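**Q** Below you'll find the structure I mean.
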Amino acid sequence: MKVLVIGSGGREHALVWKIRQSSLVDKIFACPGNAGIAELAECVPIEAENLEGLLTFALDQKVDLTVVGPEAPLVKGVVNLFQSKGLNVFGPSQEAARLEGSKAFSKELMARVGVPTAAFQTFTHVAGAKHFIVEKEPPFVIKADGLAGGKGVIIANSCEDGIRVVNDMIENKLFGESGELVVIEECLTGDELSVLLFTDGTSIIPLASSQDHKRVYDDDRGPNTGGMGAYSPCPIVSDEDVHKIIERTARPVINELKRLGTPYRGLLYVGLMMTEKGPYVLEFNVRFGDPETQAVLPRLK
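Under this note's numbering, the residue at position 42 of the sequence shown is numbered 42, and the numbers go up by one with no gaps.
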């Protein structure tokens, strides 16, 4: 069996490392891979967002299964493209990937099906966002609607900071088109955790819980990153808690996407805040988390 892993980070290294342990696998390719992955698989210099290049390679090499690491190719429709040519690929469709590709879509879906999440408003103009900010108490969580490489979420601790961030995103195009629409949320407090699960659109199989740390400096200081590190299991929840959390948060979303005719199939990442009122969803990601995957997959048997 030939397997292609798309991506170039630590997450993809963990995926290749785990896939290589299967007796069913004869050959692994990574596009584009990295120096560490090159010790385990054949790296091919095709970028993760070059969908046509990836498709041509997969067809030429008669790849049996493609596993997509990063979110960008999923949001761009790599699964739809590969499946249209009869290729097996692990990940959600472009339609289902909107769950991460648009934070506004995700928040509105959660609100519709009653998933606990922070109160929010969406804005496309600076004036409306400024008016909202000055009437609320900081801190605020300000999110670019689209993909921003894990850096599109900024916590503003004052009204002045909030107005500056909104202006940077909408007017100054800090994140390009991804920031043309912004989501402003109340700032929740508590401990964060990550829950990863497999789903075929109906059944759910959870992986181990984990906890990542996003701030760039020690003691939870500095701006958010894509993730500085992670460990598993998360000490603040039990396996029983994880199952309850999934039924309260992920299940309604998966059911709603199925009802809409865009069933979610693949790996779903639920980013949560454990508040005094219980678990609240911070975000859904449509792929393996990074760095969480590096902590979770070594525990998978």
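Beta carbons: idealized from backbone N, C-alpha and C, even for Gly. All of these numbers come straight from a predicted model, not from anything done at the bench.
Please say whether P70 and Y264 have beta carbons closer to each other than 7 Å?
**A** The answer is no: Cβ separation not under 7 Å.
**Q** Taking 7 Å as the cut-off, decide whether the C-beta atoms of L197 and P206 are in contact.
**A** Taking 7 Å as the Cβ cut-off, L197 and P206 qualify as a contacting pair.
**Q** If you measure from the beta carbon of A72 to each beta carbon in chain C, is any gap under 7 Å?
**A** Given the protein chain composition of this structure (a single chain), no chain C is represented.
**Q** Is L4 closer than 7 Å to A58 when the C-beta atoms are compared?
**A** For A58 and L4, yes; Cβs fall inside 7 Å.
**Q** CB-CB under 8 Å to G149, same chain, minus the five flanking residues each way: which ones, in chain order?
**A** Answer for G149: G226, listed in chain order.
**Q** Compare the beta carbon distance of G162 and F140 with 7 Å and say whether it is the shorter of the two.
**A** It is a contact, given that the beta carbons lie within the stated cut-off.
**Q** Three or more beta-carbon pairs under 8 Å between the region 165 to 176 and the region 214 to 231, yes or no?
**A** Flag = no, the region 165 to 176 and the region 214 to 231 do not touch.
**Q** Cα-Cα, which of A230, L267, E276, L268 is closest to V296?
**A** Out of A230, L267, E276, L268, A230 has the C-alpha closest to the C-alpha of V296.
**Q** Beta carbon of L65, beta carbon of N88: below 7 Å?
**A** Cβ distance < 7 Å, so L65 and N88 count as in contact.
**Q** Kindly list the residues whose CB is nearer than 7 Å to the CB of K107, restricted to its own chain and excluding five residues on each side of it in sequence; keep chain order.
**A** Once the five neighbours on either side are set aside, the close Cβ partners of K107 are T117, F120, V183.
**Q** Starting from C31, follow its DSSP beta bridges and name the residues at the other end.
**A** Beta-bridge pairing links C31 to I6.
**Q** Applying the 10 Å Cβ sphere with the 16-neighbour rule, what's the burial state of I236?
**A** That one is exposed.
**Q** Is T189 buried or exposed, if buried means 16 or more other CB atoms sit within 10 Å of its CB?
**A** By the neighbour-count rule (16 or more Cβ atoms within 10 Å), T189 is not buried but exposed.
**Q** Give a yes or no on whether the C-beta atoms belonging to I154 and V165 are separated by under 7 Å.
**A** Yes, the pair counts as a contact, with Cβ atoms nearer than the cut-off.
**Q** Which residue spans inside the region 187 to 275 form an unbroken alpha helix (DSSP H) run of at least 4?
**A** Those alpha helix (DSSP H) runs which fall completely within the region 187 to 275 and span 4+ residues are 239 to 259.
**Q** If distances are taken between C-alpha atoms only, which option among Y269, K214, G152 comes closest to T293?
**A** Here the closest residue by C-alpha is Y269.
**Q** Starting from K85, follow the beta strand (DSSP E) in both directions and report where the run begins and ends.
**A** Careful: K85 lies outside any beta strand (DSSP E) and carries neither H nor E.
**Q** Counting along the chain, where does the beta strand (DSSP E) carrying V63 start and finish?
**A** First-last for V63: undefined, no H or E at that position.
**Q** Just to confirm, is the Cβ distance from K103 to K62 under 7 Å?
**A** No, these two residues do not count as a Cβ contact at 7 Å.
**Q** Rounded to whole angstroms, what's the CA-CA distance from M273 to P73? Just pull it up for me.
**A** Approximately 27 Å between the Cα atoms of the pair.
**Q** Kindly indicate which three-state DSSP category K143 falls into: helix, strand or coil?
**A** It is a strand residue.
**Q** Rounded to whole angstroms, what's the CA-CA distance from P32 to A250? Just pull it up for me.
**A** Whole-angstrom Cα-Cα distance: 31 Å.
**Q** Indicate the three-state DSSP secondary structure (helix, strand or coil) for I46 in the structure shown.
**A** Looking at I46 - three-state DSSP - the assignment turns out to be coil, as it is neither helix nor strand.
**Q** What residues in its chain sit with their C-beta under 7 Å from that of Y280, if we drop five residues either side in the sequence?
**A** If we look at Y280 and ignore the five residues flanking it on each side, its Cβ neighbours are P116, T117, A118, L188, L272, M273.
**Q** Cα separation between A96 and T202?
**A** Using only the alpha carbons, I get a separation of about 14 Å.
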